[in-house]
Amino acid sequence: MSTIPVTINLPEEIYQRAERFARLINRDVSSVLADTVVSSLPPLSDQIDALPSVVEMSDRAVLELANSTLPEKQDWRLSELLEKQREDVLILEEQQELETLMQIYNEGWLRKTAGLVEAVNRRLMEPLNP
Numbered sequence: 002m003s004t005i006p007v008t009i010n011l012p013e014e015i016y017q018r019a020e021r022f023a024r025l026i027n028r029d030v031s032s033v034l035a036d037t038v039v040s041s042l043p044p045l046s047d048q049i050d051a052l053p054s055v056v057e058m059s060d061r062a063v064l065e066l067a068n069s070t071l072p073e074k075q076d077w078r079l080s081e082l083l084e085k086q087r088e089d090v091l092i093l094e095e096q097q098e099l100e101t102l103m104q105i106y107n108e109g110w111l112r113k114t115a116g117l118v119e120a121v122n123r124r125l126m127e128p129l130n131p
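And the structure:
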């Protein structure tokens, strides 16, 4: 994987924490910060790029997005697979299904969050935590 240099400004306390952690595990600060970013950003499918930006959506579509949920069948199956994972009884096919459903769930959650933010910005909804 190629790398691109990026300059960011961090609060001093965060940088010091990263620096201490890097020393502890005998790595450089930049690789610790890069790994932190990688682990914090969820993987996204190529299909999410094809979705319209929330700023281009109608008020109605923004509200629908803000109120969206995982379809009932998928939600039920996701819960079932997560329970089996917790019990450590997933078979390979179920693990793959779980990964797919988690991808769908995460992307839906990201889109829903964008819809909520846009709905609040447009004053279509009150902020969730005033």
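So the sequence shown is residues 2 to 131, counted in the working numbering. Note that beta-carbon positions come from the ideal geometry of N, C-alpha and C, so glycine has one too.
Alpha-carbon spacing of residue i relative to residue j, whole angstroms
i      : j      : result
Ser46  : Leu52  : 11 Å
Ser41  : Arg61  : 31 Å
Arg210 : Val38  : Since the first and last residues shown for the chain are 2 and 131, residue 210 lies out of range.
Ser80  : Leu11  : 38 Å
Glu84  : Asp50  : 31 Å
Pro128 : Ile15  : 29 Å
Arg28  : Gln104 : 31 Å
Leu93  : Glu13  : 45 Å
Met2   : Ala23  : 22 Å
Per-residue burial, residue i [other beta carbons within 10 Å of its own, 16 or more giving buried]
i      : result
Leu82  : buried
Met58  : buried
Leu25  : exposed
Val55  : buried
Glu73  : exposed
Glu119 : buried
Leu66  : buried
Residue of the options minimising C-alpha distance to residue i
i      : options                     : result
Ile9   : Leu34, Arg18, Ala23         : Leu34
Val7   : Ser69, Asn130, Ile49, Ser31 : Ser31
Asp76  : Asn27, Arg18, Leu99         : Leu99
Arg112 : Pro128, Arg87, Gln48        : Gln48
Own chain, CB closer than 7 Å to residue i, minus 5 neighbours either side, in chain order
i      : result
Asn107 : Pro43
Arg123 : Asp60, Val63
Arg78  : Leu102
Leu125 : Asp60, Val63, Leu64
Glu95  : Leu82, Lys85
Glu88  : none
Near the ligand HEM: residue i beta-carbon under 7 Å from a heavy atom
i     : result
Ser80 : Among the ligands in the structure shown, none appear at all, so the ligand HEM cannot be discussed.
Integer Cβ distance of residue i from residue j, believed to fall under 8 Å
i      : j     : result
Gly116 : Leu71 : Not really, about 14 Å apart at Cβ, beyond 8 Å.
Own chain residues within Cβ distance below 8 Å of residue i, not counting five before or after
i     : result
Leu91 : Leu82, Lys85, Leu99
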